[in-house]
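Student: Here it is, the structure, as structure tokens.
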Amino acid sequence: MIEEILEYNKKFIEEKKYEDYRTDKYPNKKIAVVTCMDTRLVELLPAALGFKNGDIKLIKNAGGIITSPFGSAVRSLLIGVYKLNVENIMIIGHKECGAKIVDGKEVKELMIQRGIKPEEIETMKYCGVDVETWIGGFESTSKAVMDSVMLLREHPLMPKDVKIGGYIMDPVTGEIETIVEADI
Ligand SMILES: [Zn+2]
636 MIEEILEYNK KFIEEKKYED YRTDKYPNKK IAVVTCMDTR LVELLPAALG FKNGDIKLIK
696 NAGGIITSPF GSAVRSLLIG VYKLNVENIM IIGHKECGAK IVDGKEVKEL MIQRGIKPEE
756 IETMKYCGVD VETWIGGFES TSKAVMDSVM LLREHPLMPK DVKIGGYIMD PVTGEIETIV
816 EADI
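Taken in order, the sequence shown gives residues 636 to 819; the numbers are from the working numbering.
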């Protein structure tokens, strides 16, 4: 599969298809979006919100939520704010999220079936990580979105003039529901 992708890439370059996508590193709309890695949102989310190449900073993970104040999503947002002209942040969860219903206990079993030693999983407790909770889902999407917005608004390194809002997208129609308004 990956080889086919690399073949496609060669053709893409030869045919200069990249010319349609030329832009720079600064987001035209001064927005950073944190959303879910769900396959249904890959093209739907930018299309439904009118985002073109160059318009936004896009940060994706399972669930589209901020789980740690000093994890990679927050680091990316802070770099966006301080270095790349980001003035607005949208946290966009979505209905029927696969990350929401992840059973941490089940994933732990799957890890063991795939050859991870149970004692290695236990060892992580000493690093402050309970694997079941860490990889598990969340109870309510709107609460997860709201918690992420609040974490960012109260983050000690986030400037107070950055507007941060929370939303839920329908993964079929792209319709957005506002959970937390961005105006503060
Ligand atoms: Zn999802």
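The beta-carbon is built from N, C-alpha and C at its ideal position, and this holds for glycine as well.
With a floor of 4 residues, list each alpha helix (DSSP H) that falls wholly inside the stretch 671 to 698, ordered by position along the chain.
Tutor: Qualifying alpha helix (DSSP H) stretches, in chain order: 676 to 684.
Student: Quick check on Met-804: does DSSP put it in helix, strand or coil?
Tutor: Note: Met-804 maps to strand in three-state DSSP.
Student: What residues match up with Gly-728 in a beta bridge as DSSP calls it?
Tutor: Beta-bridge pairing links Gly-728 to Ile-803.
Student: Three or more C-beta pairs under 8 Å: does that hold for the stretch 713 to 724 against the stretch 788 to 796?
Tutor: Contact holds: three or more Cβ-Cβ distances are below 8 Å.
Student: Consult DSSP for Ala-667 and reduce its assignment to one of helix, strand or coil.
Tutor: In the structure shown, Ala-667 sits in a strand (DSSP, three-state: E or B).
Student: So what does DSSP say about Ile-814, is it helix, strand or coil?
Tutor: In this structure, Ile-814 counts as strand in the three-state DSSP scheme.
Student: Determine which residues share a DSSP beta bridge with Lys-798 and list them.
Tutor: Partner(s): Asn-723.
Student: What is the DSSP secondary structure of Gly-772, reduced to helix, strand or coil?
Tutor: Of the three classes helix, strand and coil, the one that applies to Gly-772 here is coil, per DSSP.
Student: At which residues does the alpha helix (DSSP H) containing Ser-711 begin and terminate?
Tutor: Here the alpha helix (DSSP H) through Ser-711 covers 707 to 718.
Student: If you reduce the DSSP assignment to three classes, tell me which class Tyr-661 lands in.
Tutor: Tyr-661 falls in the coil class under three-state DSSP.
Student: Would you identify the three-state DSSP class for Asp-765, choosing helix, strand or coil?
Tutor: Here Asp-765 sits in coil by DSSP.
Student: Are there any heavy atoms of ligand 1 lying less than 7 Å away from the beta-carbon of Asp-673, as far as the coordinates show?
Tutor: True, at least one ligand heavy atom lies under 7 Å from that Cβ.
Student: Sorry if obvious, but does the Cβ on His-790 come closer than 7 Å to a heavy atom of ligand 1?
Tutor: It does not: the Cβ of His-790 is nowhere closer than 7 Å to a heavy atom of ligand 1.
Student: Grab me the residues of Pro-662's own chain with a C-beta within less than 8 Å of its C-beta, minus the 5 sequence neighbours each way, in chain order.
Tutor: The residues are Gly-689, Asp-690, Ile-691, Lys-692, Gly-715, Leu-719, Asn-720 and Val-721.
Student: May I have the straight-line CA-CA distance separating Ile-648 from Ile-637, to the nearest angstrom?
Tutor: One C-alpha to the other measures close to 17 Å.
Student: Compare the beta carbon distance of Val-764 and Ile-700 with 8 Å and say whether it is the shorter of the two.
Tutor: Not closer than 8 Å, so no.
Student: For Arg-675, tell me which candidate among Val-737, Val-807, Tyr-761 and Asp-659 has the shortest Cα-Cα distance.
Tutor: Answer by Cα proximity: Val-807.
Student: For Leu-713 and Glu-816, I'd like the C-alpha separation in whole angstroms.
Tutor: For Leu-713 and Glu-816, the distance between alpha carbons rounds to 20 Å.
Student: If I follow the unbroken alpha helix (DSSP H) through Pro-791, where does it start and stop?
Tutor: It is not in any alpha helix (DSSP H) - Pro-791 carries neither H nor E in the DSSP assignment.
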